[in-house]
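Residue numbers for the sequence shown follow the working numbering, so the first one is 32 and each next one is one higher. Presented below is the structure to which this report refers.
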Amino acid sequence: MYKKCFLYIFLLLLIPFFVFSQAVNKRPWNIEDTFRIKNIGNLQVSPDNRYLLFTVSKRSLRDNRSYTSIWVMPAKGGEPVSLTSLNGSAFSPRWSPDGRKIAYFSTDKDGLGLWIMNRDGSVKRKLTILERSNAYLGMRGNELSWSPCGKMLAYTAAGPRHYTNIPRPTDPPNGNDVMVVDRLLYKAFYYYSDLRRTYVWVISADGGKPRQISFGDYDYHSISWSPDGKRIACVSNRTGKDDYNANNDICLLSVDGSDMIQLTHTVGPEYTPVYSPDGKKIAYLGRIRDHRSKESDAELRKVYVIPSDGGAPVNLTAPLDRWSQSPTWSYDSKEVYFTAQNSGRVCLYRAPADGGKVIPVIEDNGQITSFSLGKNGEIFYVYTDFTHPPEIYWSIVYGSGKEKLTSFNKKITEEVEIIESEEFSYPSFDGLRIEGWLMKPYGFKKGKKYPMVLAVHGGPHGQYGYRLSRTYLFQFLAANGYVVVFINPRGSSGYGQKFSDGCVGDLGGGDYKDLMCGVDYVLKKYDFIDPDRLGVTGGSYGGYMTNWIITHTNRFKAAVPVASISNLISQWGTDANTLWFESDGGGMPFENYEKAWDMSPLKYIKNCNTPTLFIHGAWDFCVNLGQAEEMFTALKKLGVETVLAIYPNEGHGVRQPAHIVDYYERTLNWFNKYLR
32 MYKKCFLYIF LLLLIPFFVF SQAVNKRPWN IEDTFRIKNI GNLQVSPDNR YLLFTVSKRS
92 LRDNRSYTSI WVMPAKGGEP VSLTSLNGSA FSPRWSPDGR KIAYFSTDKD GLGLWIMNRD
152 GSVKRKLTIL ERSNAYLGMR GNELSWSPCG KMLAYTAAGP RHYTNIPRPT DPPNGNDVMV
212 VDRLLYKAFY YYSDLRRTYV WVISADGGKP RQISFGDYDY HSISWSPDGK RIACVSNRTG
272 KDDYNANNDI CLLSVDGSDM IQLTHTVGPE YTPVYSPDGK KIAYLGRIRD HRSKESDAEL
332 RKVYVIPSDG GAPVNLTAPL DRWSQSPTWS YDSKEVYFTA QNSGRVCLYR APADGGKVIP
392 VIEDNGQITS FSLGKNGEIF YVYTDFTHPP EIYWSIVYGS GKEKLTSFNK KITEEVEIIE
452 SEEFSYPSFD GLRIEGWLMK PYGFKKGKKY PMVLAVHGGP HGQYGYRLSR TYLFQFLAAN
512 GYVVVFINPR GSSGYGQKFS DGCVGDLGGG DYKDLMCGVD YVLKKYDFID PDRLGVTGGS
572 YGGYMTNWII THTNRFKAAV PVASISNLIS QWGTDANTLW FESDGGGMPF ENYEKAWDMS
632 PLKYIKNCNT PTLFIHGAWD FCVNLGQAEE MFTALKKLGV ETVLAIYPNE GHGVRQPAHI
692 VDYYERTLNW FNKYLR
């Protein structure tokens with residue numbers, strides 16, 4: 032008996048050792064791991080509550096491209112099955128009302144097409160081919176919708192090409208062509224805009240000729256078919272000046288295309304209308320301020336509900352004061368579920384359709400990226416956090432209980448030490464509480480000093496938080512011996528309207544001070560950071576802030592601005608989205624050149640002696656290449672060590688796998704050169 036007890040005790044003592052040895056044996060993150068992670072999206076439970084439909088996306092380093100496939104699995108758990116090729120492009124799947132068919136978009140040798148297949152993936156049929164415009168419309172919602180009877184499909188696609196002299200993004204520039212434009216929005220975020228309008232089309236589920244049901248010199252997108260089958264809700268900018276404003280309104284199209292009703296007439300924009308199951312109301316996202324930007328706007332998006340026959344809208348999210356998204360009706364039309372950014376998290380909430388208390392459903396330290404509601408109150412959702420890639424989870428009524436249903440990314444979590452991030456917060460210069468995170472290097476040892484890289488997010492109205500995909504570069508840097516610090520300064524979107532407005536008209540002001548107070552805080556709190564070996568990086572507005580930082584302090588010994596802004600005057604006149612500076616900068620630069628110049632890093636370039644590596648896409652028309660070139664040229668003239676890496680066929684940011692590898696390696700080598 033004593034021998035058995037001794038054996039049990041011995042085995043219990045071995046368990047912690049075994050667990051520890053398994054963790055130690057995990058290898059550090061490498062660049063290739065960035066492309067091993069599969070992303071899950073478009074999650075939908077079938078009408079009979081038996082199956083889950085979703086997409087799985089992956090990036091291939093070998094092929095230098097991305098693939099998306101459509102999958103199905105039992106809602107109660109089981110083996111997922113792919114319905115389309117793993118090395119193809121099939122996306123936006125939608126259940127038919129009876130759950131027997133799936134409509135989706137896919138590309139083949141003929142280009143983009145609308146397809147339909149059986150629930151098990153059999154009998155695939157292409158209903159029609161279509162084209163999409165690359166014109167920048169801002170946030171788009173649903174692009175494919177079944178009629179309630181299941182006999183027809185509505186979808187969005189580009190109308191006729193009016194500007195035949197504008198090359199397509201796939202065509203190489205031809206030096207003999209003259210491109211003449213007469214519209215302000217002649218640029219897209221990548222390459223030149225084809226300036227084609229987007230319309231709503233209807234086609235029989237059995238095939239045939241598509242029928243256009245929206246018309247005129249307007250764009251129509253983000254569609255939802257009414258439960259009675261008579262109308263299709265969408266959004267459209269009806270001002271006649273959509274080159275100058277982003278004011279979408281909700282419109283109701285008759286299915287035969289004979290008429291259109293404009294449901295809202297607000298000064299702010301509406302997005303993503305969704306009919307309630309009983310057809311009496313429409314939920315949507317909206318803003319109420321004028322002069323909004325099509326991307327990175329300071330005003331939080333809120334969830335509204337309006338009677339489908341017109342009336343006063345109700346703001347469901349007013350009590351929450353958080354950036355909200357993805358409004359989804361309960362089956363009884365009594366509640367609206369939605370996700371919201373909240374202190375680095377993306378959580379799930381519900382609210383009565385008539386307004387009232389907002390009730391938390393899932394508020395874990397992670398981010399919900401897609402969700403669907405079952406008829407019996409179940410919640411199916413895609414969830415990720417700092418150390419866990421996306422997987423599908425199931426929860427019973429109102430978020431209690433939790434079960435993981437998929438394991439698409441299990442292998443990488445078993446092999447790689449994905450480093451956890453430690454949360455911290457601190458009072459800024461004016462007492463405002465600021466939140467951030469710190470990632471220790473792989474193989475961290477007490478008593479050793481490490482170099483640190485400060486990362487700044489874009490927007491500025493975005494947020495860092497509990498999502499692995501936002502930290503791939505950070506994992507790579509940490510795997511190579513760096514402490515990484517990332518902070519949500521004022522202007523970030525997960526902390527309420529007042530916080531988000533904190534940088535408007537004061538770019539590089541309070542937000543810069545927040546970041547520097549954060550650096551001071553971590554240097555004081557964490558004695559393993561070497562204060563003489565600090566680096567800084569960031570993309571888009573984070574690139575702007577990187578340029579601002581190195582022209583206002585010399586405490587950083589190396590910098591890597593990505594898709595960065597340097598001159599707010601020249602940026603405004605060449606940007607694909609001129610509305611951003613008008614909303615965030617406080618007006619058009621020529622109304623106050625001194626203010627725009629005062630907020631431009633280039634004004635302070637003589638203060639900079641930080642070695643700087645610029646990363647920029649050749650066809651970035653959100654932040655033009657010239658912005659990096661202006662800084663690069665000035666630093667060269669001043670004798671500061673600087674390099675400009677221009678990535679061909681890239682727009683805003685770096686997307687192609689081969690370019691990501693180069694960008695990551697080039698960034699690491701730059702920091703190694705000056706911080707080691």
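All residues carry an ideal CB built from backbone N, CA and C; glycine is no exception.
Mark residue i as exposed unless 16 or more other C-beta atoms lie within 10 angstroms of its C-beta, in which case mark it buried.
i: residue 562; result: exposed
i: residue 621; result: exposed
i: residue 2; result: A query on residue 2 cannot be resolved here, the shown segment of the chain reaching from 32 to 707 and no further.
i: residue 435; result: exposed
i: residue 251; result: buried
i: residue 647; result: buried
i: residue 445; result: exposed
i: residue 158; result: buried
i: residue 669; result: exposed
i: residue 613; result: buried
i: residue 407; result: exposed
i: residue 210; result: exposed
i: residue 519; result: buried
i: residue 215; result: exposed
i: residue 701; result: buried
i: residue 682; result: buried
i: residue 690; result: buried
i: residue 663; result: buried
i: residue 625; result: exposed
i: residue 280; result: buried
From the DSSP output, in three-state form, read off residue i for me.
i: residue 290; result: coil
i: residue 453; result: strand
i: residue 257; result: coil
i: residue 188; result: strand
i: residue 52; result: Residue confidence for residue 52 is low, a pLDDT of 41 falling below 50, so the modelled location carries little weight; the figure read from the coordinates is stated next. Here residue 52 sits in helix by DSSP.
i: residue 252; result: strand
i: residue 571; result: coil
i: residue 338; result: strand
i: residue 690; result: helix
i: residue 703; result: helix
i: residue 673; result: strand
i: residue 534; result: helix
i: residue 265; result: strand
i: residue 89; result: strand
i: residue 632; result: helix
i: residue 282; result: strand
i: residue 122; result: strand
i: residue 563; result: strand
i: residue 183; result: strand
i: residue 685; result: coil
i: residue 508; result: helix
Based on the DSSP output, what are the partners of residue i in its beta bridges?
i: residue 398; result: 377, 415
i: residue 333; result: 317
i: residue 356; result: 370
i: residue 647; result: 677
i: residue 102; result: 85, 113
i: residue 425; result: 411, 434
i: residue 142; result: 139
i: residue 470; result: 452, 515
How many whole angstroms separate the CB atoms of residue i and residue j, which I take to be in contact at a CB cut-off of 8 angstroms?
i: residue 137; j: residue 119; result: 7 angstroms
i: residue 589; j: residue 642; result: 5 angstroms
i: residue 147; j: residue 124; result: Not confirmed; about 10 angstroms, so no contact.
i: residue 294; j: residue 341; result: 6 angstroms
i: residue 638; j: residue 582; result: 5 angstroms
i: residue 548; j: residue 607; result: Not a contact, Cβ separation roughly 34 angstroms.
i: residue 492; j: residue 452; result: Wrong, their Cβ atoms sit about 22 angstroms apart, outside the cutoff.
Could you tell me whether the Cβ of residue i comes closer than 8 angstroms to any Cβ of chain B?
i: residue 645; result: In the structure shown, chain B cannot be found, because there is only a single protein chain.
- Query: Okay, do the segment 598-614 and the segment 551-571 touch, 3+ Cβ pairs below 8 angstroms being the bar?
  - Reply: no
- Message: Would you call the segment 362-377 in contact with the segment 398-407, where contact means no fewer than 3 C-beta pairs closer than 8 angstroms?
- Response: yes
- Stretch pair the segment 540-555 + the segment 479-487: three plus CB contacts closer than 8 angstroms: yes
- Query: Are the segment 351-358 and the segment 308-318 touching, with three or more C-beta to C-beta distances below 8 angstroms?
  - Reply: yes
- Counting pairs of Cβ atoms below 8 angstroms between the segment 67-76 and the segment 409-424, do you hit three or more? yes
- Query: Counting Cβ pairs, one atom from each stretch, are 3 or more of them under 8 angstroms apart for the segment 317-336 and the segment 522-541?
  - Reply: yes
- Contact between the segment 507-518 and the segment 469-478: three or more CB pairs below 8 angstroms? yes
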